[in-house]
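Numbering (my numbering), first residue to last: 388 to 637.
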């Protein structure tokens, strides 16, 4: 239940087009619906500006199918699921003909209505290397479904920093930036030193042994000497996009 759809429902009641009992029936499951193994937060979009998202990792196919099936049938017009493998998509693809799978970002997306644009300005989404793109794709799918305007810049890591120079106009006009980097994770500090907007740094688990599965990049980003850098968890493209949306709505 989004703010706009709740407003439409209340207006329909006020005009006498929707009987009060029917309106109550539509609101009956707020703030949440209890399924066999999950509680669906129908109220989240009213509170936070975006609906509940399904995190698939650790869930069985049957659990994901039940949750997605409910959301598609009952409440959520635009649906996003993250950390979804290809075999899971095969198990749920029949739930709706427009359910789309991004194999690189491991996301399931159903977009049945255009999202309301979030705030003013754009999000610049930057990757250090091609190997960081899976995390960036998760951020991209999340941002687009939440109504965020995105400009992409790929493969501009510090090993060839001259590649970044051509994109300075894009960086400087963005209201918020997401920098996705593995290995040593230094790109976030470089970008933050060039712009006045907030930078959301996303460490990835890309790198050789001493990267410790993304911990080295995480620590580099946390120790950034550039101001205005916030850091999310390793490989958390979804969380970065949510934070970017909150900044753009402010």
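Backbone N, C-alpha and C fix where the C-beta goes; we use that ideal spot for every residue, glycine too.
In this structure, residue 455 and residue 441 form a Cβ contact; the two beta carbons are roughly 6 Å apart against a cut-off of 8 Å. In this structure, residue 529 keeps its C-beta atom at 8 Å or more from the C-beta atom of residue 567.
With the rule of 3 Cβ pairs closer than 8 Å, the stretch 568-581 counts as touching the stretch 539-546.
In this structure, residue 497 places its C-beta atom within 8 Å of the C-beta atom of residue 459. Across the set 519, 581 and 535, the C-alpha of 535 shows the shortest separation from the C-alpha of residue 509. With contacts defined as CB atoms closer than 8 Å, residue 588 and residue 616 qualify as a contacting pair. Contact holds between the stretch 578-586 and the stretch 613-633, because three or more Cβ pairs, one in each stretch, are under 8 Å apart. Taking the Cα positions, residue 537 is about 17 Å away from residue 519. Per DSSP, residue 554 lies in no beta strand (DSSP E) segment and is marked neither H nor E. Taking C-beta atoms under 8 Å as the contact rule, residue 490 and residue 473 qualify, at a distance of about 6 Å. Between residue 579 and residue 611, the gap from beta carbon to beta carbon is short of 8 Å.
Ranking 506, 558, 531 and 483 by CA distance to the CA of residue 514 puts 558 first. Excluding five sequence positions before and after residue 450, the CB atoms of its chain that fall closer than 6 Å to its own CB belong to 424, given in chain order. Beta-bridge pairing by DSSP links residue 539 to 512. Put simply, the backbone Cα of residue 601 is about 23 Å away from that of residue 550.
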